[in-house]
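Numbering (the numbering used here), first residue to last: 104 to 263.
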Amino acid sequence: MQRRKFLGLGAGILAAAAAAPSMLMAENYRKALPKVWKIKNDEKSKGEDMTGVNEAIKAIFGSDKVEEGKVTLKAPAIAENGAVVPVSMKAEGAKKIALLQSADPESVVAIFDVPERGIPNYSVRIKMQQTGHVVVVAEIDGKLYKADKVVKVTVGGCGG
Numbered sequence: 104m105q106r107r108k109f110l111g112l113g114a115g116i117l118a119a120a121a122a123a124p125s126m127l128m129a130e131n132y133r134k135a136l137p138k139v140w141k142i143k144n145d146e147k148s149k150g151e152d153m154t155g156v157n158e159a160i161k162a163i164f165g166s167d168k169v170e171e172g173k174v175t176l177k178a179p180a181i182a183e184n185g186a187v188v189p190v191s192m193k194a195e196g197a198k199k200i201a202l203l204q205s206a207d208p209e210s211v212v213a214i215f216d217v218p219e220r221g222i223p224n225y226s227v228r229i230k231m232q233q234t235g236h237v238v239v240v241a242e243i244d245g246k247l248y249k250a251d252k253v254v255k256v257t258v259g260g261c262g263g
């Protein structure tokens with residue numbers, strides 16, 4: 104009898120595990136918002152012009168009215184290698200988080216949908232061609248909040 108209970112329990116766990124991935128569906132923003140990925144930064148500004156980043160924020164969230172606060176961004180002040188710049192972000196209560204930068208031609212790095220009861224605490228490594236701003240924008244309770252940090256790149260991330 105114990106063996107049958109064990110096998111029945113194992114089958115139940117397998118069924119739950121098979122159903123779990125279908126509940127964790129991610130939106131493909133490259134297809135959902137194709138124009139966002141075409142917004143470019145001004146390469147001549149050497150990472151200082153935020154026009155492309157601001158346009159991308161408006162295209163993603165529908166507004167560019169962003170307040171400081173409620174978002175934590177960790178990134179190095181100096182990145183020795185622009186090919187692997189560690190970035191961490193945290194935004195309690197966020198529904199959507201966008202990671203942007205002004206150093207490369209493309210403004211948008213990533214967009215995250217936070218699932219209900221999800222913990223919006225992400226860490227990624229990004230590539231930065233040159234010194235520029237790293238910006239995290241989060242939608243919390245219908246408002247937009249951001250954190251911004253300048254990362255100085257000492258070695259180019261795109262083969263420099």
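Even for Gly, the Cβ is constructed at its ideal location relative to N, Cα and C.
These figures come from a predicted structure and were not determined experimentally.
Taking every protein chain shown into account, the CB of P189 has fewer than 16 other CB atoms within 10 angstroms, so this residue is exposed.
Residue environment for V256: buried (at least 16 other C-beta atoms within 10 angstroms of its C-beta). With the rule of 3 Cβ pairs closer than 8 Å, the stretch 236-246 counts as touching the stretch 190-208.
A buried status is given to I214, since no fewer than 16 other beta-carbon atoms sit within 10 Å of its beta-carbon. The C-alpha of V174 is placed about 15 Å away from the C-alpha of G221. Below 8 Å, too few C-beta pairs join the stretch 223-234 and the stretch 135-144 to call them touching: fewer than three.
DSSP links S226 through a beta bridge to S191. Here G185 is buried, its C-beta having at least 16 other C-beta atoms within 10 Å. When secondary structure is reduced to three states using DSSP, T175 falls in the strand class.
The alpha-carbon separation between K161 and E151 amounts to approximately 19 Å. H236 places its beta carbon 8 Å or farther from that of S191. By the C-beta density criterion, P208 is exposed, having fewer than 16 other C-beta atoms within 10 angstroms.
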